[in-house]
Amino acid sequence: MKLDIQDIRKSFGDKEILHGITFSVNSGRAMGFLGRNGAGKSTTIRCLMDVFRPDSGRFLLDGQPFKPRSLRIGYLPEERGMYQKNEVLEQLVYFARLRGATRKDAVRSANEWVDAFELGEFKKKKLETLSKGNQQKIQIAQSFLNDPDILILDEPFSGLDPVNAQIFKDAVQRFVSEGRLVIFSSHQMGYVEEICDDVTLIHHGDILLSGSLDAIKREEGRDKLFLSALEPADAWLPALLQAFPGMTAQRTEDGAILDTGGQPLQGALLAYLSGQPVTIRSFGLYEPSLTAIFIRKAGDEHAGL
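Using my numbering, read the sequence shown as starting at 1095 and increasing by one per residue.
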């Protein structure tokens, strides 16, 4: 399957939130939809799910109009909407039946995903009696009900500890390996980086970049090397830059990112460093993190992401 988001615009009153955004999502490749709170992630997903009607643009699935009500879609909204006073299994069965499952299939699916998320002991408990993390796992479990072909998750990691986050990641990766279409929106880039094949980055309603995560990292790290040494950078970096005048550097906590300006300097740098009183900890091609890429694209104001 291929989902195409084409030139989507959405305004509330006089304020345009989405400025003609365009990107694609392919089945079998998890897509991380990244951005700061307020960037337009949830608005895009709500337009996709027909919660909001876009002002213009279209959503296509394999070239045909996307009709969420006629498809098996698992959806986790950012705002949670389950019933605090109801038993866990009871309401999961209810949600599965709302999506068209027979009672037998709804019970089977609800039990399957409660057990998959290691919540079997809470089946007969009211949701309000569970911890925040376990409530979040129940919210996630409802999005997996009825074996959806498309899984859309808005900020799924909220409230999950590392163990529960791993359980969730394993479930997502299983869906991806089965050729499902998976989108999850998050501003927690570390988790996205672990799971996703593709990423789309939105900022103030505009798409800053979209595509293969590996390709984006290669492009962002092009012509750059990373050098770390046991000695502080002050002891070796000034002399290094003097020896290679066409090169610039950006200091980091544990070394420096060297921009060669397109010159093939890796061998020459190693030869130079071998004759210097410096103990190299690591040296090689620079691969930026998603956080570093976002900061460069969207500005230092987002360094806290």
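The C-beta atom is built at its ideal place from N, Cα and C for all residues, glycine as well.
Next item on the list: Give a yes or no on whether the C-beta atoms belonging to Asp1292 and Ser1280 are separated by under 7 Å.
Entry: no
Notebook entry, point to check: With DSSP run on the structure shown, which of helix, strand or coil describes Lys1096?
Noted result: Secondary structure at Lys1096: strand, using DSSP grouped into helix, strand and coil.
Check: What separation, rounded to the nearest whole angstrom, lies between the Cα atoms of Lys1231 and Val1208?
Finding: Roughly 9 Å separates the two Cα atoms.
Note to self: Let's test the definition: count the other Cβ atoms within 10 Å of the Cβ of Tyr1150 and tell me whether it reaches 16, buried, or not, exposed.
What the structure shows: Note on identity: in this sequence residue 1150 is Ser, with Tyr being the wrong assignment. In the assembly as shown, Ser1150 is an exposed residue. Its beta-carbon has fewer than 16 other beta-carbons within 10 Å.
Item checked: Close-in-space but distant-in-sequence residues of the same chain around Gly1398 (CB under 8 Å, 5 per side omitted) -> Any reading at Gly1398 is ruled out, since the residue's pLDDT is 38, under 50, leaving its predicted position unreliable.
Note to self: Assuming Phe1278 is part of the beta strand (DSSP E), what are its boundary residues?
What the structure shows: Taken as a continuous stretch (DSSP letters only), the beta strand (DSSP E) holding Phe1278 covers 1275 to 1280.
Next item on the list: Give a yes or no on contact between the segment 1251 to 1260 and the segment 1358 to 1370, applying the rule of three or more CB pairs nearer than 8 Å.
Entry: no
Next item on the list: Answer yes or no: do Leu1170 and Pro1242 have a C-beta to C-beta separation smaller than 7 Å?
Entry: No, Cβ-Cβ distance for Leu1170 and Pro1242 is not below 7 Å.
Notebook entry, point to check: With DSSP run on the structure shown, which of helix, strand or coil describes Glu1181?
Noted result: strand
Checklist line | Closest by C-alpha distance to Leu1324, when choosing among Gly1299, Gly1194, Ala1350, Ala1337 | finding: Each of Gly1299, Gly1194, Ala1350, Ala1337 was checked against the Cα of Leu1324, and the nearest Cα belongs to Ala1350.
Note to self: Helix, strand or coil for Glu1395? Go by DSSP, reduced to three states.
What the structure shows: In this prediction, Glu1395 has a pLDDT of 47, which is less than 50 and means its spatial position is unreliable; nothing more can be read from the coordinates.
Margin query: What would DSSP say about Tyr1169, mapped onto helix, strand or coil?
Written below: strand
Margin query: Do Leu1245 and Gly1168 count as a contact pair if the criterion is CB distance below 7 Å?
Written below: yes
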